[in-house]
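Chemist: Before I ask anything, here is the structure I am working with.
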Ligand SMILES: [Zn+2]
Ligand SMILES: [Zn+2]
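Protein chains in written order, with the numbering used here: chain U, 1 to 335; chain F, 1001 to 1428.
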């Protein structure tokens, strides 16, 4: 077999291509996020920035590569946008494809996707969400390449690794934190794990769609405790997170759930920047089905483009991140 | 001879949607100059008002002479100095020729003898005095250049236009601390001179206090060893600078003193520095950007006379729809905004009182009492109490006093621009 990147002949037992160094067991988004290209100044369109990172002409900050991050690995695609009202993108994502023992260019064994939303009230929330997503994706991809892969156990380990990475950012006066949602998708199963209010959805081609996560928010806890939705929403701290990833979090064990859909569809992970505009399952389902093709037959990059555009057109009040994985995963390598 | 300069910025960079005004306090602290190292070159000119009125009463001239001799004694060896006789023209008292001489035991003694021999005669033309001092400083660039100006009367022997013209010509060339003796001088007029010359202003109601004050001013000037410091301010295209003010240790509006230095940059003169700390209030109006946008409203740098950068700071603007962020009040900005308002209330109140507008005077001075009470300006409150009877210091309910000593009124006016540093949270 040959390396999918450089064409060099590779041994199936090898982990890396000896010619170009490609990891044959996995392909993933770059650590630090799939940063966008440096763009022109948003204030004046110029391109001359001082060493302090501000436009020499109009003073606007140099656009960040985090403002719009795009990833398209064929079997999974993600898009993360700063939105229209926030000064930074504090959402992050990481995704990848694991190839099992045979390695690339064989069939993929699992697709991994992680979305984390930095808690805006802490400084360096963007770093927190990015290291959490990167660490978790690493653990999930490593585990998925093993023959005795246990997706639920790997999800717990991934969250523990995310906690460790975020805790390292803690300083005396601040404790950066973020939400967490991940999906491990194989040919037969979907395993999701979460802490916080970033969501995972199953959108079936023919089967009923479903929200796979329940928000870890005060309002959800109140409703679960039997308080009416109306009263719960009137609680002043209703939308506060009840659980998160950060040094100051009490509960660290994620919710984990596995399902085996009987038909095809697509898994959608997103931050609240999307679902605030599509709060119900029905509204999100309808937004995906606005395109006449069956959801699993659309390219995932086309699907995430459409959903992010919808959030931006609706006001783009928050950072918005969407990752999509068609189910079941195809045989596609990285083509 | 460059000390360490530290710049700190105090501001709330978060603005609500559509807001354009950015306020920041820049604290500049210089350390490591002065005592530890040999002092840099310095030049001192003492301008003594010798107009005829200095003879009335005779003690005024005697005290002025005593003060000038004290200042001469405070000059350390090697300082280039001269003493100028201010009348309707300016003349040299010491040395005889129009130049500076190095201070040493014998020049100091000669200078003091020359001062003692001076007679008061003629009028008052402050512009002429400053012009002679300016001429004396020529050839001393790189030195800390300082003058002391003592006067007891109005600038009667030249037009205000001429004084303005001369101030424009000489300001920035040297620092001039101004002192008014007695109660026949004009506070507004001398304040203008002191402000333009980046110097302090005070009243010496009792001539007996002069010698100590002169000695302190000379000593302070000798303690400066970084000359010709400038604050350079870069602002983005489309921005307007509403003002740049020194707000500590006293209020000095520097806005009009800008000299364009590069594209979108201008320099404001800060004169000479020793080991000290001063605060500046910058108010910049920028073009509002979209919520979520972050921009630089100003780059501040401090330069010495050789264009060496001594320190840098940034003034930021971030637009947000989070009112919890945009409504946060920065204590430093609030404090100095309040002080500027206090000074304005006092000056406008006294002007109204002078012109017989009792209603405005009562309102403005009442407001000043309330502000002084609220902000803990005990010294100012005491001075106000000599001009108005205070019924309620909190609400500022006052009545104008019928009889006010001229010296009390002038002291209040003069010291209205003396500021007080904000107490840092948990600070020293
Ligand atoms: Zn290769
Ligand atoms: Zn620009």
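Backbone N, C-alpha and C fix where the C-beta goes; we use that ideal spot for every residue, glycine too.
Please read these numbers as outputs of a predicted model, since none were measured by experiment.
Span of the beta strand (DSSP E) holding residue 1203/F?
Modeler: First-last of the beta strand (DSSP E) with residue 1203/F: 1201-1204.
Chemist: Going by beta carbon distance, what residues of the same chain come within less than 8 angstroms of residue 1415/F, once the five residues before and after it are set aside?
Modeler: Around residue 1415/F: 1202, 1203, 1379, 1380, 1383.
Chemist: Tell me which residues of the stretch 1361-1395 of chain F have at least one Cβ-Cβ distance to chain U shorter than 7 angstroms, keeping chain order.
Modeler: So nothing in the stretch comes that close.
Chemist: Use the C-beta contact count for residue 188/U: other C-beta atoms within 10 angstroms, 16 or more gives buried, fewer gives exposed.
Modeler: By the neighbour-count rule (16 or more Cβ atoms within 10 Å), residue 188/U is not buried but exposed.
Chemist: By the DSSP assignment, the beta strand (DSSP E) with residue 1048/F in it spans what residues?
Modeler: Note, residue 1048/F: beta strand (DSSP E), 1042-1049.
Chemist: Report yes or no: do the stretch 1077-1090 of chain F and the stretch 1126-1134 of chain F share at least 3 C-beta pairs separated by less than 8 angstroms?
Modeler: With a cut-off of 8 angstroms, the stretch 1126-1134 of chain F and the stretch 1077-1090 of chain F count as touching, because enough Cβ pairs lie within range.
Chemist: Which residues, in chain order, sit with a beta-carbon under 6 angstroms away from any heavy atom of ligand 2?
Modeler: After applying the 6 angstroms Cβ criterion, the set is 41/U, 43/U, 44/U, 46/U, 55/U, 57/U, 58/U, 60/U.
Chemist: Check whether the Cβ atoms of residue 1275/F and residue 1031/F sit closer than 7 angstroms, and answer yes or no.
Modeler: Yes.
Chemist: To be precise: take each residue of the stretch 259-279 of chain U, compare its Cβ to all Cβ atoms of chain F, and keep it if any distance is under 9 angstroms. Which residues remain?
Modeler: Going along the stretch 259-279 of chain U in chain order, one finds no residue with a Cβ nearer than 9 angstroms to chain F.
Chemist: Going straight from the alpha carbon of residue 124/U to that of residue 161/U, what length do you get?
Modeler: Cα to Cα, residue 124/U sits roughly 18 angstroms from residue 161/U.
Chemist: Does the CB of residue 396/U have a neighbour CB from chain F at under 7 angstroms?
Modeler: Outside the shown range of chain U, which is 1 to 335, sits residue 396/U, and nothing can be said about it.
Chemist: Please classify residue 104/U as buried or exposed, where buried requires at least 16 other C-beta atoms within 10 Å of its C-beta.
Modeler: Classification for residue 104/U: buried.
Chemist: Can you tell me which of the three DSSP states residue 1035/F falls into?
Modeler: With a pLDDT of 45 at residue 1035/F, under the threshold of 50, the modelled position of that residue is not reliable, and the figure given next carries that caveat. If DSSP states are grouped into helix, strand and coil, residue 1035/F belongs with the helices.
Chemist: Return the CA-CA distance between residue 242/U and residue 119/U, expressed in angstroms with no decimal places.
Modeler: Looking at the two C-alpha atoms, the distance is approximately 12 angstroms.
Chemist: Start and end of the beta strand (DSSP E) containing residue 258/U?
Modeler: Start and end: 255-259.
Chemist: Can you give me the C-alpha to C-alpha distance between residue 81/U and residue 64/U, rounded to a whole angstrom?
Modeler: When rounded, the distance between both Cα atoms is 11 angstroms.
Chemist: Is it right to say residue 1034/F is buried, meaning 16 or more other beta carbons lie within 10 angstroms of its own, or is it exposed?
Modeler: With a pLDDT of 46 at residue 1034/F, under the threshold of 50, the modelled position of that residue is not reliable, and the figure given next carries that caveat. Result: buried.
Chemist: Would you decide whether residue 961/F is buried or exposed? Buried here means 16 or more other CB atoms lie within 10 Å of its CB.
Modeler: Residue 961/F lies beyond the stretch modelled for chain F, which goes from 1001 to 1428, so this question has no answer here.
Chemist: Note the first and the last residue of the continuous alpha helix (DSSP H) segment covering residue 286/U.
Modeler: Where residue 286/U is concerned, the enclosing alpha helix (DSSP H) stretches over 281-289.
Chemist: Consult DSSP for residue 1129/F and reduce its assignment to one of helix, strand or coil.
Modeler: Helix, per DSSP.
Chemist: Between the C-alpha atoms of residue 247/U and residue 90/U, what's the straight-line distance to the nearest angstrom?
Modeler: For residue 247/U and residue 90/U, the distance between alpha carbons rounds to 17 angstroms.
Chemist: Give the list of continuous alpha helix (DSSP H) stretches no shorter than 4 residues that lie fully inside the stretch 1130-1184 of chain F.
Modeler: Entirely contained in the stretch 1130-1184 of chain F, the alpha helix (DSSP H) runs reaching 4 residues are, in chain order, 1160-1170.
Chemist: Would residue 297/U be called buried (16 or more neighbouring beta carbons within 10 Å of its own) or exposed?
Modeler: Residue 297/U should be labelled exposed.
Chemist: Taking Cβ-Cβ distances below 9 angstroms as the criterion, which residues of the stretch 1283-1309 of chain F are in contact with chain U?
Modeler: Within the stretch 1283-1309 of chain F, the residues whose Cβ lies closer than 9 angstroms to some Cβ of chain U are 1286, 1287, 1289, 1290, 1291, 1292, 1293, 1294, 1295, 1296, 1297, 1298, 1299, listed in chain order.
Chemist: Residue 368/U versus chain F: which residues are under 8 angstroms apart at the beta carbon?
Modeler: There is no way to answer for residue 368/U, as the model of chain U reaches only from 1 to 335.
Chemist: Counting C-beta neighbours from all protein chains within 10 Å, is the total for residue 50/U 16 or more, i.e. buried, or is it exposed?
Modeler: Label assigned to residue 50/U: exposed.
Chemist: Decide if residue 1173/F is buried, meaning its Cβ has at least 16 other Cβ atoms within 10 Å, or exposed.
Modeler: When all chains shown are included, residue 1173/F counts as buried.
Chemist: Would you decide whether residue 66/U is buried or exposed? Buried here means 16 or more other CB atoms lie within 10 Å of its CB.
Modeler: It counts as buried.
Chemist: Report the residue ranges of all alpha helix (DSSP H) runs contained in full by the stretch 1047-1094 of chain F; include only those spanning at least 4 residues, in chain order.
Modeler: Listed in chain order, they are 1059-1073.
Chemist: What runs of the alpha helix (DSSP H), each 4 residues or longer, lie entirely inside the stretch 1281-1358 of chain F?
Modeler: With a minimum length of 4 residues, the continuous alpha helix (DSSP H) runs that stay inside the stretch 1281-1358 of chain F are 1323-1326, 1331-1354.
Chemist: Does the distance from the C-beta atom of residue 1158/F to that of residue 1125/F stay below 7 angstroms?
Modeler: Result yes, Cβ atoms of residue 1158/F and residue 1125/F sit closer than 7 angstroms.
Chemist: Taking all protein chains shown into account, do 16 or more other C-beta atoms lie within 10 angstroms of the C-beta of residue 1163/F, making it buried, or fewer, making it exposed?
Modeler: By the neighbour-count rule (16 or more Cβ atoms within 10 Å), residue 1163/F is buried.
Chemist: Return the Cβ separation of residue 1184/F and residue 1152/F in integer angstroms, given the expectation that the two are a contact with Cβ distance under 8 angstroms.
Modeler: That belief holds up - the Cβ atoms of residue 1184/F and residue 1152/F are roughly 6 angstroms apart, short of 8 angstroms.
Chemist: For residue 1427/F and chain U, any beta-carbon pair shorter than 7 angstroms?
Modeler: Because residue 1427/F carries a pLDDT of 36, less than 50, the predicted location of this residue cannot be relied on, and no value is offered for it.
Chemist: Which one or two residues does DSSP pair with residue 1377/F in a beta bridge?
Modeler: Per DSSP, none; premise fails for residue 1377/F.
Chemist: Measure the alpha-carbon distance for residue 1340/F versus residue 217/U and round it to whole angstroms.
Modeler: So the alpha carbons of these two residues sit roughly 48 angstroms apart.
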